[in-house]
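Novice: Can you keep this structure in mind? I'll have questions shortly.
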Amino acid sequence: MKRAAGILLSITSLPSRYGIGCFSKSAYEFVDWLEEAGQSYWQILPLGPTSYGDSPYQSFSTFAGNPYFISLEELVKEGVLTEEECGAVDFGEDAGSIDYEKLYLGRYPLLRKAYERSDISRNPGYQRFLEENRWWLDDYALFMAVKDRFDGAPWNAWAQDIRLRYGYAMDYYRKELYFDIEFQQYMQFVFYKQWTALKEYANGKGIRLIGDIPIYVAMDSADAWAHPELFQLDRDNVPVAVAGCPPDGFSATGQMWGNPLYRWEYHRQTGYQWWISRLAHCFRLYDVVRIDHFRGFDQYYSIPFGEETALNGHWEKGPGMDLFHHVREALGPKDVIAEDLGYVTDSVRKLVADSGFPGMKVLEFAFDSRDSGCANDYLPHNYQENSVAYTGTHDNETIAGWLGSIQEAERKLARDYLCDQYTPDQELYKSFISLVMGSRARLCIIPMQDYLGYDNGSRMNKPSTVGENWKWRLVEGELDEKLKTRILEMTRRYGRMK
32 MKRAAGILLS
42 ITSLPSRYGI
52 GCFSKSAYEF
62 VDWLEEAGQS
72 YWQILPLGPT
82 SYGDSPYQSF
92 STFAGNPYFI
102 SLEELVKEGV
112 LTEEECGAVD
122 FGEDAGSIDY
132 EKLYLGRYPL
142 LRKAYERSDI
152 SRNPGYQRFL
162 EENRWWLDDY
172 ALFMAVKDRF
182 DGAPWNAWAQ
192 DIRLRYGYAM
202 DYYRKELYFD
212 IEFQQYMQFV
222 FYKQWTALKE
232 YANGKGIRLI
242 GDIPIYVAMD
252 SADAWAHPEL
262 FQLDRDNVPV
272 AVAGCPPDGF
282 SATGQMWGNP
292 LYRWEYHRQT
302 GYQWWISRLA
312 HCFRLYDVVR
322 IDHFRGFDQY
332 YSIPFGEETA
342 LNGHWEKGPG
352 MDLFHHVREA
362 LGPKDVIAED
372 LGYVTDSVRK
382 LVADSGFPGM
392 KVLEFAFDSR
402 DSGCANDYLP
412 HNYQENSVAY
422 TGTHDNETIA
432 GWLGSIQEAE
442 RKLARDYLCD
452 QYTPDQELYK
462 SFISLVMGSR
472 ARLCIIPMQD
482 YLGYDNGSRM
492 NKPSTVGENW
502 KWRLVEGELD
512 EKLKTRILEM
522 TRRYGRMK
């Protein structure tokens, strides 16, 4: 990986006509914009179908794609929808924010119409897609169809026979919900067709895609339902313990994520076949894979099921390098970014070093007393070449918002580091971006909100909260020529041109 730069922007945050960013014309225009701005990478958030809370890190499947990303314009071109039908749906009034309730109520009926008009079963490409993806798609499509039958209830609240996958129940629902299952398969076919086209276009422009995968799967997912043996579940498929993280400067009671933990001894006995399949699938989707919460492979935080907070959790040993030896043997060398943030120990540092994967450096952590890590690790003069530098991530405040929220002493420390006591606060975000871009880190990724200088009203996610996250969107015209030129000049100045 040569010295380069990229931008972090969720697909959801693209401008579009129908409520959420998707694989429409604006995605292709953004790729063009990236190329003209001298960028080499586009980092996105996970692409999976989201559940309650709309977090891309809590998905109904680690393999499926989110139907929200399907371009309705493309379906109009195919003749299975009309512009009048799409335009008649209320997707919300604020072009700069996603209304997930209206999106859910409006998009799926349109996609169902498209499916019913598609005559998809006669499509040879669709049949090939089914055959190539049967190993995960059959379970996912049945899972989603049954979930709809049970009014969206999580699978551990379903009737016992289908919750525990008794053979007669599986046969019954496959017959009873045949067309609902095919609808789910149709949406995945269209998703993957459109995503593949977009990725090929980006690669043709010299833009590599950085995908993002959570280390854990959601409890309410096809993965946990279909393969309970992979997780720490009891004989009734109830979790024994769940994932989270301990208390820190940002949360006095820690974070309760609720994901089922892996039964690592079982994975070891199978040669980590599920993980190899998962990562192989990811490398068909992306050029580079960022693995969230990488430290969980060294040690993971285990919270007894039923606890209300993370206070009574404890650390358990993860698979370590044994997993990645098996992955490398099966898949060969691959480009991975290790999200090694949070409570970092010497053993975590050793795992990242032994893997050879670049870790992450987040500038905000260098001057923020709330961070539990070693602030010196995040000062730009200490960045190693084999690292990826950020002003912040999707979980952080925007750099402009952060500058307004930290203590005066921390702000002075940051200005002293910049040797800049005079730049107005509202312009200081540009200096911090320059600081990161000029570091030794081989790759530098800047969130789009930071390039725009936006405050925390444009923040993507505030961990441990539900309701106001994952909503921010660009509106038409925000990515203008002036911004593009400024990014291009900065990228050239710091030797990060592709």
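Count the sequence shown with our numbering and you get residues 32 to 529, in order. Built from N, CA and C at the ideal position, the CB exists for glycine as well.
1. Judging by CA-CA distance, which residue of K513, V506 and D121 is the nearest neighbour of S489?
2. What span of residues does the alpha helix (DSSP H) with K144 cover, start to end?
3. If you check the beta carbons only, do V467 and P411 fall under 9 angstroms apart?
4. Given D243, which residues of its chain have a CB within under 6 angstroms of its CB, disregarding the five upstream and five downstream residues?
5. Roughly how many whole angstroms lie between the Cα atoms of F355 and I241?
6. For W501, which of helix, strand or coil comes out of DSSP?
7. According to DSSP, is V320 part of a helix, a strand, or is it coil?
8. Which residue from R442, P389, P478 and Q89 puts its Cα closest to that of I368?
9. Taking the alpha-carbon positions, what's the R143 to N492 distance?
10. Give me whichever residues DSSP pairs with Y535 in a beta bridge.
11. Nearest CA to the CA of C276: which residue from S495, G237, C53 and I51?
12. I believe G123 touches K133 by the beta-carbon criterion, under 8 angstroms. Please report the beta-carbon distance rounded to the nearest angstrom.
13. Per DSSP, what kind of secondary structure is P80 in: helix, strand or coil?
14. Taking all protein chains shown into account, do 16 or more other C-beta atoms lie within 10 angstroms of the C-beta of Y331, making it buried, or fewer, making it exposed?
15. Take D385 and list the residues in its own chain whose beta-carbon comes closer than 7 angstroms to its own, dropping the five residues that flank it on each side.
16. Within 8 angstroms, do at least three Cβ pairs link the region 209 to 220 to the region 333 to 340?
17. Please work out which residues of its chain come closer than 7 angstroms, Cβ to Cβ, to R148, disregarding the five sequence neighbours upstream and downstream, and give them in chain order.
18. Can you give me the C-alpha to C-alpha distance between D267 and D486, rounded to a whole angstrom?
19. Please report the residue range of the beta strand (DSSP E) in which M391 lies.
20. Counting only runs of 4+ residues fully inside the region 361 to 432, write out the alpha helix (DSSP H) ranges in chain order.
21. Would you call the CB atoms of T424 and L39 closer than 9 angstroms?
22. Skipping 5 residues on each side, what residues in its chain have a beta carbon closer than 7 angstroms to that of P270?
23. Mind checking K513: buried by the 16 CB within 10 Å criterion, or exposed?
24. Return the Cβ separation of T43 and I129 in integer angstroms, given the expectation that the two are a contact with Cβ distance under 8 angstroms.
25. Taking the alpha-carbon positions, what's the G235 to V319 distance?
26. Measuring only the C-alpha atoms, how far is E26 from H312?
27. Would you say K33 and R473 are within 9 angstroms of each other, going by their C-beta atoms?
28. On the criterion of 16 or more Cβ atoms from any shown chain inside 10 Å, does E520 qualify as buried, or is it exposed?
29. Write down every uninterrupted run of the beta strand (DSSP E) in the region 39 to 119 whose length is 3 residues or greater and which is fully enclosed by it, in chain order.
Specialist: Reading from the atomic positions:
1. V506
2. Y131 to S149
3. yes
4. L76, P77 and R321
5. 19 angstroms
6. coil
7. strand
8. P389
9. 31 angstroms
10. A question about residue 535 goes unanswered here, because the residues of the chain that appear run from 32 up to 529.
11. S495
12. 5 angstroms
13. coil
14. buried
15. M352
16. no
17. V111
18. 47 angstroms
19. G390 to V393
20. 377 to 386
21. yes
22. M250, Q263, L264, P291 and F336
23. exposed
24. 6 angstroms
25. 16 angstroms
26. Since the first and last residues shown for the chain are 32 and 529, residue 26 lies out of range.
27. yes
28. exposed
29. 72 to 74
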